[in-house]
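Novice: Input: one structure, supplied below.
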Amino acid sequence: AALTAAASLELLHAFALLQDDVMDDSDERRGRPAVHVRLEQWHRGRGLSGSRRFGESAAILLGDLCLIWAEQMLRESGVEPRRLQGAWPRYDAMRTELAVGQFADLAIDVRGLPSLEAVLDVARRKSGNYTVRRPLEIGAAMAGCADPLLMQLGRYGAAVGEAFQLRDDLLGVFGSPATTGKPNSGDLLERKATSVVVSAYELADAPTRRELTALMHSEELDEAALERWRMLIIATGALERIEDMVAFRLASARKYLADMPITDPVRAALSDLAAACGVRWQ
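Under my numbering, think of the first position of the sequence shown as 31, with each following residue one higher.
If you want it as C-alpha cells, here you go:
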C-alpha cells in the first residue's frame, strides 16, 4: 500500500513534466524527444497537417490524465482512509502550489529583471515543494507522525527542494546534455529568469550589465553568443554564488535532520536524499 501511494506521486511528476515541456517549448526530456515532439512526429508520419498543434494538445491531455490517475492511484492504494485523511490537505496544497508556480514561471521574464527573491519564490512553488517537501509531509502524515515532526520534515524538505532547483538552474546553463538528458542552452534561449541569470545581472558591473542586457534582448542567439553569456555568468561570480546557496541549504537541511526524533536508518536515507538532490549530474 505504501509503495503504491508513493508511486502515485510519479504520475503527478509525469503530469508536471509533460505540461512543462509544452509550455517551455522543450524538445528533449532525459535525452529523448519530449512527449509532445514524439506525438507530433507520429501525427506527421500519418500525412496529416497541424502536427505541431496536435502534439502539444495531446501531451497536455495526457498530462491531465496523469493528474487524474495520480489521485485515483493514491485513493485506491490500500492505505487506510483514516491515514489518508491527514495527507489530503497537503496533497491539495502541493497541486495548487505547482499550478500557481507554473503560471508565475510563465509570467516572469528575465527582461523584466525580477529580483532573485522573486525568482526563488517561483522556483519554490513550481518545483521545490512538490519534488521534496510535500511528498515527505504526505508520507509522514500517512504514517501518523505528530505535527512537530511534520513541521521539521517540512523545513528539511523545503531546504532540499530549493537546493535541488538551484542545482537544476546551474545544470540548465552549464550541465552536460549527455548526462543530464536535456540541452544546456534552453534557459538562455528562452530568456528564463533563473537564479543563475538574475544573480549574474545583480553582481555585474555597469559594462557587464550592458552586455548582459543586450544578450537578454537579442532576437537571435547563436552558439558564440550563448558561450559569451556563460563566460559572463562565471566572471560575475554568479556560478560561485549559486553553489554557495546550494551548500547553505544542504547544511540547513542536515541541521534540521539532526534535530529530528527519527530512527538512524531513516536519518541516513534522508541524508543521502539531500546529497543526491544537491549534487545530481554535472
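From the three backbone atoms N, C-alpha and C, an ideal C-beta is built for every residue, glycine too.
Pop quiz: Asn-159 and Gly-191 are said to be a contact at Cβ under 8 Å. What is the actual Cβ separation, rounded to whole angstroms?
Specialist: In the sequence shown, counting from the first residue as 1, residue 159 sits at position 129. In the sequence shown, counting from the first residue as 1, residue 191 sits at position 161. With a Cβ gap of about 6 Å, Asn-159 and Gly-191 count as contacting.
Novice: Could you check which residue in Ser-79, Tyr-286, Val-309 has the C-alpha nearest to that of Met-181?
Specialist: Counting from one through the sequence shown, the residue named residue 181 turns up at place 151. With distances taken between Cα atoms, Met-181 lies closest to Tyr-286.
Novice: Only counting the same chain, and skipping five residues up and downstream in sequence, which positions put a Cβ closer than 8 Å to that of Pro-301?
Specialist: Within the sequence shown, the letter at position 271 stands for residue 301. Looking at the sequence shown, residue 301 is not Pro but Ser. Cβ within range, chain order: Arg-284, Leu-287.
Novice: Taking the alpha carbon of Leu-97 as the reference point, which residue from Ala-37, Arg-59, Glu-167 has its own alpha carbon closest?
Specialist: On the sequence shown, position 67 is the one that residue 97 refers to. Of Ala-37, Arg-59, Glu-167, the residue nearest in Cα terms is Ala-37.
Novice: At what residue ranges does the region 146-225 contain a whole run of the alpha helix (DSSP H), taking only runs of 4 or more?
Specialist: DSSP runs (the alpha helix (DSSP H)) wholly in the region 146-225: 146-153, 164-172, 177-204, 207-210, 216-219.
Novice: Which full runs of the beta strand (DSSP E) of 3+ residues lie inside the region 95-119, going along the chain?
Specialist: none
Novice: Alpha helix (DSSP H) containing Ala-78: first to last residue?
Specialist: Residue mapping note: residue 78 aligns to position 48 of the sequence shown, counting from 1. The amino acid occupying residue 78 in the given sequence is Leu; Ala does not appear at that position. Premise fails: Leu-78 is in no alpha helix (DSSP H) and is neither H nor E.
Novice: Quick one: Cα of Arg-271 to Cα of Phe-194, how far?
Specialist: For the purposes of this step, residue 271 is taken as the residue at position 241 of the sequence shown. For the purposes of this step, residue 194 is taken as the residue at position 164 of the sequence shown. Phe-194 has its alpha-carbon roughly 15 Å from the corresponding atom of Arg-271.
Novice: Hey, Leu-245 and Ala-255: beta-carbon distance below 8 Å or not?
Specialist: Counting from 1 along the sequence shown, the entry for residue 245 is found at position 215. Counting from 1 along the sequence shown, the entry for residue 255 is found at position 225. The answer is yes: Cβ separation under 8 Å.
Novice: Can you give the beta carbon distance from Ala-223 to Val-130, rounded, assuming they're within the 8 Å contact cut?
Specialist: Reading the sequence shown from its first residue, position 193 is the one you call residue 223. Reading the sequence shown from its first residue, position 100 is the one you call residue 130. With 8 Å as the limit, Ala-223 and Val-130 do not qualify as a contact, their Cβ atoms being about 16 Å apart.
Novice: Pro-295 to Met-172, Cα distance in whole Å?
Specialist: In the sequence shown, the residue the question calls residue 295 occupies position 265. In the sequence shown, the residue the question calls residue 172 occupies position 142. For Pro-295 and Met-172, the distance between alpha carbons rounds to 19 Å.
Novice: Where does Arg-155 land, buried or exposed, given buried means 16+ other C-beta within 10 angstroms?
Specialist: On the sequence shown, position 125 is the one that residue 155 refers to. Buried.
Novice: Can you have a look at Ile-168 and say buried or exposed, based on whether 16 or more other CB atoms are within 10 angstroms of its CB?
Specialist: Taking the sequence shown and counting its residues from 1, the one referred to as residue 168 is at position 138. By the neighbour-count rule (16 or more Cβ atoms within 10 Å), Ile-168 is buried.
Novice: On the three-state DSSP scale, how would you describe Pro-63?
Specialist: In the sequence shown, the residue the question calls residue 63 occupies position 33. Reduced to three states, the DSSP call for Pro-63 is strand.
Novice: What do you reckon, are the CB atoms on Leu-39 and Val-65 nearer than 8 Å?
Specialist: Translated into positions along the sequence shown, residue 39 becomes position 9. Translated into positions along the sequence shown, residue 65 becomes position 35. No, Cβ-Cβ distance for Leu-39 and Val-65 is not below 8 Å.
Novice: Would you mind stating whether Leu-69 and Gly-80 have Cβ atoms separated by less than 8 Å?
Specialist: By one-based count along the sequence shown, residue 69 stands at place 39. By one-based count along the sequence shown, residue 80 stands at place 50. No; because the gap between Cβ atoms is not below 8 Å, this pair is not in contact.
Novice: Is the beta carbon of Asp-51 closer than 8 Å to that of Arg-60?
Specialist: On the sequence shown, residue 60 is found 30 positions in, with the first residue counted as 1. On the sequence shown, residue 51 is found 21 positions in, with the first residue counted as 1. Not in contact: Arg-60 and Asp-51 (Cβ atoms no closer than 8 Å).
Novice: Nearest-angstrom Cα distance between Ser-225 and Leu-196?
Specialist: Locating residue 225 in the sequence shown gives position 195, where the first residue counts as 1. Locating residue 196 in the sequence shown gives position 166, where the first residue counts as 1. If you take the alpha carbons of Ser-225 and Leu-196, they lie about 7 Å apart.
Novice: As a quick exercise: from Asp-198, Val-162, Glu-241, Pro-144, pick the residue whose alpha carbon is nearest that of Leu-128.
Specialist: Working through the sequence shown from its first residue, we reach residue 128 at position 98. In terms of Cα proximity to Leu-128, the closest of Asp-198, Val-162, Glu-241, Pro-144 is Val-162.
Novice: Closer than 6 Å by C-beta to Arg-74: which residues in its own chain qualify, once you throw out the five before and the five after it? Chain order, please.
Specialist: Here residue 74 refers to the residue found at position 44 when the sequence shown is read from its first residue. Closer than 6 Å at Cβ, skipping near neighbours: Ser-81.
Novice: So which of Arg-76, Gly-77, Trp-72 has the shortest CA-CA distance to Ala-88?
Specialist: Within the sequence shown, residue 88 is the residue found at index 58, counting from 1. Ranking Arg-76, Gly-77, Trp-72 by Cα distance to Ala-88 puts Trp-72 first.
Novice: With a CB to CB cut of under 7 Å and the five nearest residues on each side skipped, what residues in its chain are close to Val-276?
Specialist: Residue mapping note: residue 276 aligns to position 246 of the sequence shown, counting from 1. Excluding residues within five positions, the ones whose Cβ falls inside 7 Å are Ala-193, Leu-196, Arg-197, Gly-308.
Novice: Have a look at Val-228, Arg-125, Gly-77 and flag the residue whose alpha-carbon is nearest the alpha-carbon of Thr-243.
Specialist: Along the sequence shown, one-based indexing puts residue 243 at 213. Among Val-228, Arg-125, Gly-77, the Cα nearest to that of Thr-243 is on Val-228.
Novice: Per DSSP, what are the beta-bridge partners of Glu-241 in this structure?
Specialist: Sequence index remark: in the sequence shown, residue 241 carries index 211 (1-based). In DSSP, Glu-241 forms no bridge with anything.
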